[in-house]
Structure formats: C-alpha cells, structure tokens
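Trainee:
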Amino acid sequence: MSIARPRPLLIAGKYAALLGYLTFALFPLYWLLKIAITPDQLIFTEGTQLWPSSLTFDNFRTVLFQTDFLAYFGNSLYVSLGTAAATTLIAAGAGYAFSRFDFGGKKIIIAVMLITQMFPLLMIIAPIYKIVASFGMLNSLTSLIVVYTAFNIPFATFLMQSFFDGIPKDLEEAAMMDGCSRFQALRKVIFPLTLPGLGATLGFVFTAAWSELLFALMLISKNEAMTFPMGLLTFVSKFSVDWGQMMAAGVLALIPSCLFFIFIQRYLVQGLTSGAVKG
Amino acid sequence: MTTRSQAIDVSGETRARRSLYWQYMVEPFLYLSPAIVLIGTVMLIPLIVGISYSFQAIELLNPFNTGWVGLENYQQLWSDRKFWIALENTFWWTFWSISFQFLLGLGLAMLLNTQFYGKKLFQALVFLPWAVPTFLSALTWAWLFNPVIGPLPHWMVALGILSEPYNIMGDPEIAMWGPIVANIWFGVPFFAITLLAALQSIPSELYEAAEIDGASAWQTFTKITLPFLAPMIAITVMLRTIWIANFADLIYVMTGGGPANSTQIVSSYIFTTAFRKLDFGYASAIAVALLFILLIYAVILLWLRKKLVKI
C-alpha cells in the first residue's frame with residue numbers, strides 16, 4: 221500500500237476536529253468537577269470562571285460522611301452488579317441459541333425482542349408496580365434487579381449473538397467430535413474465547429442499571445433501599461438544591477461507571493466488528 | 085440380509101429424527117428459556133395489562149370512579165390540544181437529536197478509523213458521555229445553560245447567537261434546544277461505536293483498489309464507505325429514533341416540559357399524566373398512541389431498507 225503524501229492542511233484539520241470532539245465530550249464533565257471543588261460562597265460569584273480562585277474538598281467530605289451517600293452507593297452497586305451478572309448470564313444463553321441453532325419460532329422470538337425495544341417503558345410502569353406490590357416485593361432491591369434484568373436482556377442478547385457469530389463453528393464441532401457434549405464444548409472451548417464479549421455486555425448493562433431512575437422511584441420508597449440516582453434527587457429536594465454537594469456526589473457516581481466503560485469500550489467495538497465480519 | 089439392513093436403517097432414521105427433534109425443538113430452548121420467561125413476565129404481560137388500562141378509567145386520586153370506559157380515553161386524546169403539541173415537539177426533538185447525533189457520530193467514527201497519536205486514550209475519553217447517568221447529564225447541562233453559573237449563555241452572546249445572556253430554556257421559542265444539545269452530547273458515542281464497528285469491517289482491499297484506480301476521497305466515501313455502512317445506518321437510526329422518541333428523562337429533569345408546554349414531548353406527557361395527575365388510564369392511552377406511531381415508522385423504515393439495501 222502506497223503512503224499518501226501528508227497534506228499539512230488536512231492533518232491540521234483532523235487534529236482540530238479531534239480537539240473539538242474532545243472538548244465537547246469533556247467540558248460538561250470538567251464543569252461538574254469544577255463546581256464540586258468550588259467553595260460554596262464562590263459558586264455564584266465566580267460561576268462563569270473557568271477555574272475557581274480557591275479550592276475545597278469540603279463538598280466531598282460532607283457527602284461522604286454526613287449523608288446517606290455511602291448507603292445509596294452500596295445499594296446501587298449491589299443492584300447494578302446483580303443486574304449485570306444475571307443479564308449477562310441469561311443473554312449469553314439466548315445469544316448462543318440465536319447464533320448456533322436454527323429452530324422453530326426463532327424469527328418470532330427475535331421480533332418480540334425487537335418490539336420490547338420499541339414501546340415506551342413508561343407504559344408498563346403502573347402494571348409492574350401492581351405486580352411487584354402483589355408479591356410484597358416493594359422496597360426490595362431484588363425486585364429492581366429482576367426488572368432491570370428483563371429490560372436489558374434483549375439488547376444484551378443481540379450483543380452476545382454478534383460475539384458468538386464471530387467465533388467459528390468449527391471449533392465446537394471439533395470438540396464435539398472428540399466426545400464433548402455441546403454444553404461441555406460451550407464451557408471449555410467457546411466460553412474462554414467470548415470473555416471480551418462477556419466483559420462488554422457486563423459493562424454495558426452495569427452502566428444502564430447504574431443510571432436508571434424511573435422504576436427505582438416507583439418501586440422504592442424507603443430511604444434504606446434507595447439507589448444512587450434517587451439519592452441525588454434527595455440532594456435536590458432536601459437541601460434546596462445544594463449544588464456543590466450534588467456535583468460532588470455526581471463526580472463520585474461517575475467513577476464506577478466510567479471505570480467500567482473505559483475498560484469495556486474497545487471490546488464493544490471489537491465485538492460488534494467481529495460479528496459484522498464473519499456473521 | 086435385506087431385512088436386517090432395513091432394521092438398521094429404520095433405527096438409524098428414528099435416532100436421526102430424534103436428534104433432529106432435539107436440536108430443532110428442545111435444545112435451543114434450554115438456552116433461551118430464562119430470557120423468554122423473564123421478558124414474558126416482566127415486559128409482555130405488563131404490556132398487555134397496560135394496553136387494557138387504556139380502555140379503563142384508573143385514577144388513583146379518584147378511586148371510586150374506575151371501570152371499563154371503552155374508547156373514552158382515546159376520544160379525549162383526539163381532542164386534547166396538548167397531545168398534538170407534544171406530538172409535534174416529539175417530531176422536532178427526535179429529528180434534530182438524531183440528525184446531529186448521526187452526523188457527529190459518523191464524523192467521529194471516521195476519525196477513529198484513522199491512525200493518530202494517543203488514539204486509545206482519545207477513544208476512551210470521547211465515549212465517556214455515554215457512561216454518565218442521564219439524570220446527572222441533564223443537571224449538568226441545565227447548569228451550563230444557566231447564565232448565573234454556567235458559561236454557555238455568555239459564549240452565545242459573544243458569538244452573536246443571543247442578544248443578552250439569558251437561559252434559553254426559559255424562552256418557549258428555543259427552549260427545546262437545551263435538552264436537544266444534552267441529548268446530542270449523550271448520544272454521539274453510541275453512533276460512533278456502532279459506525280466504527282461497521283467501518284472496521286469494510287475490507288481494506290476495496291480502498292486499495294480505489295486508490296490504484298485514482299478515486300478521489302469523496303468518491304471513495306460515496307462509492308465504498310456509505311454503501312457498506314448503509315445496513316448498519318438503517319438499523320441504528322431506526323433503533324435510536326425509537327429510543328429518543330421514548331426518552332423522557334432529559335426533558336423531564338431539564339425543563340419539566342415547560343415553559344408553556346414548549347418542550348413537552350409525548351413520552352414526558354405520559355410521565356406527567358401518570359405521576360402528577362395519577363391518571364393511569366389516560367396515560368396508557370397516550371402510550372398506546374405513541375407505540376402505534378412508532379410501529380408505523382419502523383415498518384416504513386424496514387420496508388425502505390429492504391428496497392434500497394441489497395446486502
């Protein structure tokens with residue numbers, strides 16, 4: 221492949237575009253951090269300055285030690301991890317079935333899964349409330365896990381299917397020739413190969429569950445069982461919008477989902493790619 | 085001799101049939117059943133119940149006035165001016181959000197498909213907005229648009245967009261742009277991720293051949309890149325359109341549908357009706373109407389895709 225002569229104008233334009241995207245993506249997050257470390261009395265007087273004249277970590281200290289923040293954080297972590305694990309496991313099974321089998325009703329099931337992505341989730345919030353209440357499961361984090369898991373299964377299944385599609389069928393067929401059952405072949409041959417796919421799905425579902433607010437508001441009312449986004453809401457209502465504290469809490473909330481996301485995003489691209497190439 | 089071989093044939097055939105039956109009917113469902121059971125009980129049954137609500141009067145504030153009312157909710161919907169305003173707003177909200185998300189996402193994906201220094205870190209950072217909890221990004225953008233503590237209105241004055249620094253979300257004419265900008269910010273990474281995946285699957289031989297044949301960059305883009313991306317574009321645009329049309333969180337947190345319903349979209353109107361007025365019957369009727377419109381849209385787009393794309 222011949223190397224095109226570098227054109228300085230084009231390269232300058234490219235780096236300008238890269239810088240533009242980076243600024244657009246990060247500036248709001250920077251602003252969040254800036255407000256979190258600005259002392260309360262300066263938030264409004266220096267509101268539009270790019271950097272405050274003095275810094276404080278009081279907001280973080282208050283949030284961590286004088287509010288229920290850590291409890292909310294723990295609840296959210298429990299719900300998000302539980303949802304991510306359950307969804308990934310179930311979606312892996314379903315994705316495997318879609319990828320490897322041709323069976324009766326496959327098209328119908330795929331169509332139903334697509335439809336679940338189409339209707340407004342708000343529509344089922346009242347029926348779900350009634351069902352969960354009739355099981356006496358209101359205010360339980362387990363009910364949240366079950367509901368979130370169901371919501372995330374369709375997309376996670378399509379994602380997992382594309383990962384399985386990227387793994388050649390010959391591999392497990394060879395293992396089955398050698399006397400493995402299909403399940404053994406799946407566990408010993410396919411599972412290790414699909415680890416990046418599992419990682420991507422885990423991360424994707426984790427971030428989705430981490431930021432869900434609506435159903436949590438509906439199904440949880442007790443303070444002890446509140447998830448993190450609801451906790452942020454209490455900062456709004458209880459302390460008549462204590463912005464500094466809320467932004468500090470927001471910065472802390474960003475940490476797990478961002479860590480997860482930075483870890484998985486290249487697998488996400490890779491997974492979608494391999495599915496598209498070989499599928 | 086002949087009978088014996090026949091017997092073997094028969095037993096072999098039934099075994100084959102049994103294993104076919106196993107493969108076709110039973111085994112896939114072993115892997116699928118947890119997903120089917122969960123989706124069925126948590127989504128489909130409530131969906132049917134929800135649709136049945138749209139034919140009932142269910143107002144929690146008015147518990148004695150319940151029961152089947154036939155199409156009353158839908159008749160009310162037809163003459164509800166707020167609903168039609170919300171429908172028009174939904175159209176513009178979705179149209180502008182998806183257009184900008186798509187164009188910026190495509191640009192970002194094409195940049196990420198080239199080589200440059202620090203690409204891995206860059207990719208991780210630009211995709212970050214997708215990981216920010218919605219509630220939080222809504223508040224952050226509301227803050228940025230607030231002239232007292234946010235820089236955006238002042239920048240817009242400097243650029244000549246606004247005559248004086250005020251909060252655009254207080255002006256019914258342009259309030260919608262607040263949530264739209266937040267939505268663009270939040271949604272560009274999704275398009276970039278999916279389009280990047282599609283870009284990386286285009287065989288590089290095609291580009292090499294085009295280069296040998298002396299194709300211009302624009303020709304390469306329109307003759308190779310776009311046709312290859314088309315199936316992915318169609319499916320992502322469809323899914324995203326539906327998600328965005330249903331996406332009430334940003335609007336609800338940033339403007340609450342105001343001022344004067346200028347940012348009320350259908351899904352936020354459902355939310356307001358269900359949770360402010362606690363009128364589940366009417367809210368369900370609005371939701372069914374929205375579902376119906378989105379289904380028509382999806383069918384048209386899938387039909388167009390079949391006509392236009394031959395991959």
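Keeping their order, the protein sequence lines are chains A and B.
Note that the first sequence covers residues 221 to 499 in our numbering.
Note that the second sequence covers residues 85 to 395 in our numbering.
For each residue, glycine too, the CB sits at the ideal point set by N, CA and C.
Keep in mind it's a predicted model, so treat the numbers as computed, not measured.
1. Spell out whether any CB of chain B is found under 8 Å from the CB atom of residue 251(A).
2. Tell me whether residue 288(B) is buried or exposed, calling it buried when 16 or more other Cβ atoms sit within 10 Å of its Cβ.
3. From this set, 476(A), 347(A), 304(A), which residue's C-alpha is nearest residue 136(B)'s C-alpha?
4. For residue 307(B), report the span of its alpha helix (DSSP H) as first-last.
5. May I ask you to report which of helix, strand or coil DSSP gives residue 199(B)?
6. Mind checking the segment 383 to 413 of chain A against chain B and listing, in chain order, the residues whose C-beta falls within less than 8 Å of any C-beta there?
7. Taking C-beta to C-beta, are residue 219(B) and residue 431(A) nearer than 8 Å?
8. Just confirm the distance between the C-beta atoms of residue 436(A) and residue 447(A), as a whole number of angstroms; I'd bet it's less than 8 Å.
9. So, does the CB of residue 109(B) fall closer than 8 Å to a CB anywhere in chain A?
10. Excluding five sequence neighbours on each side, which residues of the same chain lie with their C-beta closer than 6 Å to the C-beta of residue 248(A)?
11. Since residue 319(A) is in the alpha helix (DSSP H), which residue starts that stretch and which ends it?
12. Answer yes or no: does any C-beta atom of chain B fall closer than 8 Å to that of residue 313(A)?
13. Say whether chain A places a C-beta atom closer than 8 Å to the C-beta of residue 187(B).
14. Residues of chain B with CB closer than 8 Å to the CB of residue 299(A), please, in chain order.
15. Using the rule of at least 16 other Cβ atoms within 10 Å of the residue's Cβ for burial, across every protein chain shown, is residue 395(B) buried or exposed?
16. Under a three-way DSSP split, which group does residue 172(B) fall into?
17. Figure out for me which residue from 170(B), 318(B), 366(B) has the closest Cα to the Cα of residue 388(B).
18. Could you list the residues in the segment 344 to 358 of chain B with a C-beta less than 7 Å from some C-beta on chain A, going in chain order?
19. Check this for me: beta carbons of residue 193(B) and residue 482(A), under 8 Å apart or not?
20. Starting from residue 337(A), follow its DSSP beta bridges and name the residues at the other end.
21. Which residues does DSSP pair with residue 151(B) in a beta bridge?
22. Locate the alpha helix (DSSP H) running through residue 164(A), then write down its first and last residues.
23. From the DSSP secondary-structure annotation, give me the bridge partner or partners of residue 363(B).
24. Considering only the alpha carbon of each residue, which of 291(A), 234(A), 301(A) lies closest to residue 368(A)?
25. Can we say the segment 125 to 140 of chain B touches the segment 328 to 345 of chain B, given the rule of at least three CB pairs closer than 8 Å?
26. To the nearest angstrom, report how far apart residue 474(A) and residue 163(B) are at their CA atoms.
27. Starting from the beta carbon of residue 275(A), find every residue of chain B whose beta carbon is closer than 7 Å, and list them in chain order.
28. Going by DSSP in three states, residue 270(A) sits in which element: helix, strand or coil?
29. In whole angstroms, what is the alpha-carbon distance linking residue 133(B) and residue 344(A)?
30. Name the two residues that bound the continuous alpha helix (DSSP H) containing residue 121(B).
31. Between which residues of its own chain and residue 445(A) is the CB-CB distance below 8 Å, once the five residues before and five after are set aside?
32. Kindly indicate which three-state DSSP category residue 178(B) falls into: helix, strand or coil?
33. For residue 88(B), I'd like the list of residues in its chain whose CB is within less than 7 Å of its CB, leaving aside the five on either flank, ordered along the chain.
34. What three-state label does DSSP hand residue 164(B) in the structure shown?
35. Which of the three DSSP states is assigned to residue 358(A) in this structure?
36. In whole angstroms, what separates the C-alpha of residue 413(A) from that of residue 395(A)?
Mentor: Here's the rundown:
1. In the first sequence, the residue the question calls residue 251(A) occupies position 31. Between residue 251(A) and chain B, the shortest Cβ-Cβ separation is below 8 Å.
2. For this step, residue 288(B) is matched to residue 204 along the second sequence. Its Cβ having fewer than 16 others within 10 Å, residue 288(B) is exposed.
3. Translated into the one-based positions of the second sequence, residue 136(B) becomes position 52. Taking each of 476(A), 347(A), 304(A) in turn and checking the Cα distance to residue 136(B), the smallest one comes out for 347(A).
4. Here residue 307(B) is taken as the residue at index 223 of the second sequence, counted from 1. For residue 307(B), no alpha helix (DSSP H) segment is defined, and its DSSP state is neither H nor E.
5. Sequence index remark: in the second sequence, residue 199(B) carries index 115 (1-based). It is coil, neither helix nor strand.
6. Under the 8 Å Cβ criterion, the segment 383 to 413 of chain A contributes 402.
7. The residue you call residue 219(B) lines up with position 135 of the second sequence. The residue you call residue 431(A) lines up with position 211 of the first sequence. Against a cut-off of 8 Å, the Cβ pair of residue 431(A) and residue 219(B) comes out as a contact.
8. On the first sequence, residue 436(A) is found 216 positions in, with the first residue counted as 1. On the first sequence, residue 447(A) is found 227 positions in, with the first residue counted as 1. About 5 Å separates the two Cβ atoms, so the contact holds.
9. In the second sequence, residue 109(B) corresponds to position 25, counting from 1. Interface residue, yes.
10. Here the question's residue 248(A) lines up with position 28 in the first sequence. If we look at residue 248(A) and ignore the five residues flanking it on each side, it has no Cβ neighbours.
11. As a working mapping, residue 319(A) is identified with position 99 in the first sequence. Its alpha helix (DSSP H) spans residues 289 to 320.
12. Here residue 313(A) is taken as the residue at index 93 of the first sequence, counted from 1. Yes, residue 313(A) lies at the interface with chain B (some Cβ there is under 8 Å from its Cβ).
13. Here the question's residue 187(B) lines up with position 103 in the second sequence. By this cut-off, residue 187(B) is not an interface position.
14. Counted from its first residue, the first sequence places residue 299(A) at position 79. Per Cβ cutoff of 8 Å: no residues; residue 299(A) is ~13 Å from chain B at best.
15. Residue 395(B) sits at position 311 when you count from the first residue of the second sequence. Confidence in residue 395(B) is poor, its pLDDT being 47 and thus under 50, which makes the residue's placement unreliable; the coordinate value appears in the next sentence. With fewer than 16 other beta carbons inside 10 angstroms of its own, residue 395(B) counts as exposed.
16. Position 88 of the second sequence, counting from 1, holds the residue named residue 172(B). DSSP places residue 172(B) in helix when its eight states are reduced to three.
17. Here residue 388(B) corresponds to residue number 304 of the second sequence, with the count starting at 1. Among 170(B), 318(B), 366(B), the Cα nearest to that of residue 388(B) belongs to 318(B).
18. Answer set for the segment 344 to 358 of chain B: 351, 354, 355, 358.
19. As a working mapping, residue 193(B) is identified with position 109 in the second sequence. As a working mapping, residue 482(A) is identified with position 262 in the first sequence. For residue 193(B) and residue 482(A), no; Cβs fall outside 8 Å.
20. Within the first sequence, the letter at position 117 stands for residue 337(A). Listed as beta-bridge partners of residue 337(A) by DSSP are no residues whatsoever.
21. Here the question's residue 151(B) lines up with position 67 in the second sequence. For residue 151(B), which the question treats as bridged, DSSP gives the partners 141(B).
22. Past the boundaries of the shown model lies residue 164(A); chain A is included only from 221 to 499, so the question cannot be answered.
23. One-based indexing of the second sequence puts residue 363(B) at position 279. Paired residues: 143(B).
24. Against the first sequence, residue 368(A) aligns to sequence position 148. Across the set 291(A), 234(A), 301(A), the C-alpha of 301(A) shows the shortest separation from the C-alpha of residue 368(A).
25. By the Cβ rule, the segment 125 to 140 of chain B does not count as touching the segment 328 to 345 of chain B, because fewer than three pairs are nearer than 8 Å.
26. Residue mapping note: residue 474(A) aligns to position 254 of the first sequence, counting from 1. Residue mapping note: residue 163(B) aligns to position 79 of the second sequence, counting from 1. Taken atom to atom, the span from the alpha-carbon of residue 474(A) to that of residue 163(B) is near 44 Å.
27. Walking along the first sequence from the start, residue 275(A) turns up at place 55. Residues of chain B passing the Cβ test: none, with the nearest at roughly 17 Å.
28. Within the first sequence, numbered from 1, the residue matching residue 270(A) stands at position 50. Three-state result, residue 270(A): coil.
29. Mapped onto the second sequence, residue 133(B) falls at position 49. Mapped onto the first sequence, residue 344(A) falls at position 124. The alpha-carbon of residue 133(B) is positioned some 8 Å away from that of residue 344(A).
30. As a position in the second sequence, residue 121(B) is number 37, starting the count at 1. Residue 121(B) -> alpha helix (DSSP H) spans 111 to 123.
31. As a working mapping, residue 445(A) is identified with position 225 in the first sequence. Contacts found: 295, 359, 360, 361.
32. The sequence position of residue 178(B) within the second sequence is 94, counting from 1. Helix, per DSSP.
33. Numbered from its first residue, the second sequence carries residue 88(B) at position 4. Any reading at residue 88(B) needs caution, since the residue's pLDDT is 47, under 50, leaving its predicted position unreliable; the model's value is listed next. Cβ within range, chain order: n/a, list empty.
34. Position 80 of the second sequence, counted from the start, is the residue given in the question as residue 164(B). It is coil, neither helix nor strand.
35. In the first sequence, counting from the first residue as 1, residue 358(A) sits at position 138. Coil.
36. Counted from its first residue, the first sequence places residue 413(A) at position 193. Counted from its first residue, the first sequence places residue 395(A) at position 175. When rounded, the distance between both Cα atoms is 14 Å.
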